[in-house]
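The working numbering puts the first residue of the sequence shown at 1, with every later residue one more than the last.
Notes follow the structure.
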Amino acid sequence: GLCSFTDCHADYYGGGLYARIDGVNSRLILQDGLIFKRCTGSQGGGGIQLYSYYNISFVINKVSFIECYASWFGGGINIEGGYETLKFNGTLFERCYANEVGGLSIYVYNENVSLELISITFIGCYGDYAGGLFIRARISSQVTSLGQCQFQDCSGEDGGGIYLQISNQCLFEINNASLKNCSCTYQSGGLRASIESGGKLIIDSSQFIQCQCNRGNGGGIFVEINFPSQSSFIIKDTLIQECKALNSSFSQLGFGGGLFLGVNGDYDPSSKLIDLRGMKIYNNTADKYGQSLYIVMRDVVRLCQYGILGEYVKEEEEELEQDVKPDTKEGFTFPYWGIILIAVPIRVNRRKEKSKK
1 GLCSFTDCHA DYYGGGLYAR IDGVNSRLIL QDGLIFKRCT GSQGGGGIQL
51 YSYYNISFVI NKVSFIECYA SWFGGGINIE GGYETLKFNG TLFERCYANE
101 VGGLSIYVYN ENVSLELISI TFIGCYGDYA GGLFIRARIS SQVTSLGQCQ
151 FQDCSGEDGG GIYLQISNQC LFEINNASLK NCSCTYQSGG LRASIESGGK
201 LIIDSSQFIQ CQCNRGNGGG IFVEINFPSQ SSFIIKDTLI QECKALNSSF
251 SQLGFGGGLF LGVNGDYDPS SKLIDLRGMK IYNNTADKYG QSLYIVMRDV
301 VRLCQYGILG EYVKEEEEEL EQDVKPDTKE GFTFPYWGII LIAVPIRVNR
351 RKEKSKK
C-alpha cells in the first residue's frame with residue numbers, strides 16, 4: 001500500500017532513507033507509490049541516500065520526491081558505489097533542490113553497469129551543479145535514458161536540466177527526452193555534457209524548447225569534447241526550438257543559442273564521430289554569434305565542408321534549404337582548457353524551395 005515519509009531529517013545523509021547495501025547479488029526494490037516529501041539531508045540525499053560495495057541491483061519504481069533538500073548532492077536521491085543494475089521507472093522529482101544537484105545524482109564507479117531511466121519527470125528542481133539530473137560515468141559501462149523523460153522548469157548554475165560527465169568508453173543514450181523552459185546561469189540551459197577518453201553521447205528523438213543560459217553559452221545544449229579521435233557526439237531527429245544564449249557584457253559568453261560545441265584536439269571529419277545531421281533548429285537566439293550553432297575547434301572548416309554541403313553540421317528547417325558556411329573567425333579562450341582556439345560561428349543561408357513546374 002501507500003507509504004510516505006514526510007518532514008524527515010538526517011544530520012548527514014538520507015533524510016528519508018539511508019541504505020548501505022553489501023553482498024554480491026543483493027537487491028533493493030522501492031516501489032508502489034512511495035512518497036518522500038520535504039525530507040532533508042544535511043550532507044547528501046535529501047530523500048534517499050544509496051550506497052553499495054559490490055555489484056548489486058537497485059530498482060526504483062513509481063516513487064515520488066517532493067520538495068526534498070540536501071546541502072550537497074541529490075536533493076531527491078544521491079547514489080554512489082558499485083552496482084550492476086540501476087532502474088528507474090515512473091519516478092517523480094518535484095521542486096527538489098540542493099547546493100550541488102537538485103533532483104537525482106548518480107555516480108557510476110564500476111564496469112558494465114546497466115542504467116535505465118524510464119518515464120522520469122523532473123519539475124522545478126534546482127541545484128548549482130545541475131538542476132534536475134547529474135550522472136558521472138567514468139568507467140566502461142552502458143548508460144541509457146529511455147522513454148518519456150521530462151524536465152520542466154528546472155534550473156542551475158551549470159546544466160539547468162541535465163549534466164553528464166562521460167568518459168572511458170561509456171555509452172550514454174538519451175531517447176525521447178523533453179526539456180522545456182529549463183535555465184542556467186552559466187553553461188547550457190537544457191543539457192550540459194563533458195565527453196572524453198572514448199565516451200559516447202547519442203541524443204535521439206528528443207526536444208529542447210525555450211531553454212536558456214543567462215550568462216554563458218549553449219542555450220539548449222552545451223557539449224565539450226576532449227580527445228575527439230576517440231570520443232563521439234551524435235544527434236538524431238532532435239528539435240531545438242526558441243532557446244537563448246544571453247550575455248551582452250562579457251566577450252566570450254552569449255554564443256550558441258541552440259547548441260554550443262567545443263572540441264579540444266585534432267578531429268578528423270571522416271571518422272564521423274561528430275554527427276549533427278539530426279538537428280532540427282527553429283527560432284533560437286544568441287547575444288553574440290551562432291544563433292543556432294556555435295563550434296569551437298581546430299580546422300572547423302573541414303567539418304563544415306565534409307559530406308554533401310556540410311551535412312554533418314547542417315540544420316534542418318521545414319520547407320527551407322540551407323548551405324552551411326563558416327562565418328567570421330575570432331580567438332576564443334575556452335575557460336576549462338585555458339587555450340585559445342579558432343571559433344567559427346555557423347551562418348546558415350536559407351532560401352525557400354523553388355516550386356517545380
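Note that the Cβ used here is the ideal one computed from N, Cα and C, for glycine as well.
Note that the structure is a prediction, hence the values are computed from the model and not measured.
Leaving out five residues before and five after residue i in sequence, what residues of the same chain have Cβ atoms less than 6 angstroms from its Cβ?
i: Leu-34; result: Cys-3 and Val-63
i: Glu-94; result: Ile-66 and Ile-123
i: Gly-152; result: One point to set straight first is that residue 152 is Gln, not Gly, in the sequence displayed. Around Gln-152: Ile-123 and Lys-180.
i: Leu-273; result: Ser-232
i: Cys-8; result: Gly-15, Gly-16 and Cys-39
i: Gly-199; result: Ile-166, Ser-167, Cys-170 and Ser-231
i: Gly-160; result: Gly-131, Cys-154, Cys-182, Ser-183, Cys-184 and Gly-189
i: Phe-222; result: Gln-187, Ser-188, Arg-192 and Phe-260
i: Cys-96; result: Phe-65, Cys-68, Gly-75, Gly-76, Gly-102, Gly-103 and Cys-125
i: Gln-150; result: Thr-121 and Ser-178
i: Asn-176; result: Gly-147, Gln-148 and Ser-205
With distances taken from CA atoms, which of the options is nearest residue i?
i: Ser-183; options: Val-263, Val-24 and Phe-208; result: Phe-208
i: Phe-58; options: Asn-181, Gly-160, Val-113 and Ile-235; result: Val-113
i: Asp-32; options: Gly-23, Ile-135 and Phe-88; result: Phe-88
i: Ser-251; options: Met-279, Lys-288 and Ile-234; result: Lys-288
i: Asp-204; options: Ser-194, Gly-216, Ser-197 and Phe-172; result: Phe-172
i: Glu-80; options: Phe-134, Cys-149, Phe-233 and Leu-30; result: Phe-134
i: Asp-215; options: Ala-193, Gly-189 and Gly-198; result: Strictly speaking, residue 215 in this sequence is Arg, with Asp absent from that position. Selected option, being the one with the closest Cα: Gly-189.
i: Gly-220; options: Gly-14, Ala-245 and Asp-237; result: Ala-245
i: Gly-75; options: Ala-98, Tyr-53 and Tyr-54; result: Ala-98
i: Arg-138; options: Gly-160, Asp-158 and Ser-167; result: Ser-167
i: Glu-100; options: Asp-158, Ile-281, Ser-270 and Asn-25; result: Asp-158
i: Tyr-129; options: Leu-239, Tyr-18, Ala-70 and Tyr-54; result: Ala-70
i: Tyr-282; options: Leu-276, Gln-291 and Asp-275; result: Gln-291
i: Asp-268; options: Leu-293, Gln-230, Asn-78 and Asn-25; result: Gln-230
i: Asn-110; options: Ser-140, Asp-266, Glu-116 and Leu-117; result: Ser-140
i: Leu-30; options: Phe-222, Ile-77 and Trp-72; result: Ile-77
i: Asp-266; options: Val-24, Pro-228, Gln-150 and Phe-73; result: Pro-228
Assuming residue i and residue j are in contact, meaning their beta carbons sit under 8 angstroms apart, how far apart are those beta carbons, in whole angstroms?
i: Gly-90; j: Asn-61; result: 6 angstroms
i: Gly-254; j: Ser-248; result: 6 angstroms
i: Ser-194; j: Ile-174; result: 15 angstroms between Cβ atoms; not a contact.
i: Cys-243; j: Asn-217; result: Not quite, the Cβ-Cβ distance comes to about 12 angstroms (not below 8 angstroms), so this is no contact.
i: Met-279; j: Ile-235; result: 5 angstroms
i: Gln-187; j: Cys-213; result: 6 angstroms
i: Ile-295; j: Leu-261; result: 5 angstroms
i: Ser-358; j: Ser-197; result: Lying outside 1 to 357, the shown extent of the chain, residue 358 is not represented and no answer is given.
i: Val-108; j: Leu-117; result: Incorrect: roughly 13 angstroms between the Cβ atoms, too far for contact.
Looking at residue j and residue i, is the spacing between their C-beta atoms short of 7 angstroms?
i: Tyr-51; j: Arg-20; result: yes
i: Tyr-83; j: Ile-56; result: yes
i: Ile-162; j: Leu-191; result: yes
i: Gln-148; j: Ser-119; result: yes
i: Thr-121; j: Leu-86; result: no
i: Arg-136; j: Gln-165; result: yes
i: Tyr-12; j: Gln-43; result: yes
Taking 7 angstroms as the threshold (beta carbon to beta carbon), is residue i in contact with chain C?
i: Val-263; result: The structure shown has no chain C; it contains just one protein chain.
Excluding sequence positions up to five away, which residues of its chain have a Cβ less than 8 angstroms from the Cβ of residue i?
i: Tyr-336; result: Its pLDDT being 37, under 50, Tyr-336 is placed unreliably in this model, and the coordinates cannot settle the point.
i: Ser-271; result: Ser-229
i: Val-24; result: Tyr-54, Asn-55 and Ile-56
Can you find the residues in the same chain that come closer than 7 angstroms, C-beta to C-beta, to residue i, ignoring five residues on each side of it along the sequence?
i: Ser-155; result: Tyr-126, Gly-131, Cys-182, Ser-183 and Cys-184
i: Thr-6; result: Lys-37 and Arg-38
i: Leu-14; result: Here residue 14 turns out to be Gly, not Leu, going by the sequence shown. Once the five neighbours on either side are set aside, the close Cβ partners of Gly-14 are Gly-41, Gly-45, Ile-48 and Gln-49.
i: Tyr-53; result: Asp-22, Gly-81 and Gly-82
i: Asp-237; result: Asp-204, Ser-205 and Gly-278
i: Ala-10; result: Tyr-18, Gly-41 and Ser-42
i: Asn-72; result: It should be pointed out that residue 72 corresponds to Trp in this sequence rather than to Asn. Within the same chain, Trp-72 has close Cβ partners Gln-43, Gly-44, Ala-98, Asn-99 and Glu-100.
Could you check whether the Cβ of residue i sits closer than 6 angstroms to any heavy atom belonging to the ligand MG?
i: Ser-141; result: Summarising the ligand content, the structure contains no ligands, and the ligand MG is consequently not present.
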